[in-house]
Amino acid sequence: MRKLMWLLSGVALGFVAAHFVNRTPEGRRFFDRLNRGVDEFGRAFAAGYHDVEAQATGEGAADTPADAKQQ
């Protein structure tokens, strides 16, 4: 229970610190860069996931019994 209290305290202090940093122009620029990086990572992750999913779907379709009879 004590570790959970420390975790919640750290999260709360982090939010307070981020709020104060975001008030300055440098802080806004920092968070804008951070958000762009996170968005870019998310788009790259989603694109990679969709590529792998498409490959798996394409390969898996040939393994069905109906497709095997046609070959």
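Numbering-wise (this note's numbering), the sequence shown opens with residue 802 and increments by one.
We put the beta carbon where it would ideally sit given N, CA and C, even for glycine.
Quick caveat: nothing in here was measured; it's all calculated off a predicted structure.
Distance CB(residue i)-CB(residue j) smaller than 8 Å
i, j, result
"Phe816", "Asn823", "no"
Length of the line joining the Cα atoms of residue i and residue j
i, j, result
"Phe846", "Gln856", "15 Å"
"Leu805", "Pro826", "34 Å"
beta-carbon residue i near the ligand MG non-hydrogen atom, thresh 7 Å
i, result
"Arg830", "The ligand MG is not among the ligands present in this structure, which contains no ligands whatsoever."
* **Uninterrupted beta strand (DSSP E) stretches inside the segment 815-863 (no shorter than 3 residues)** => none
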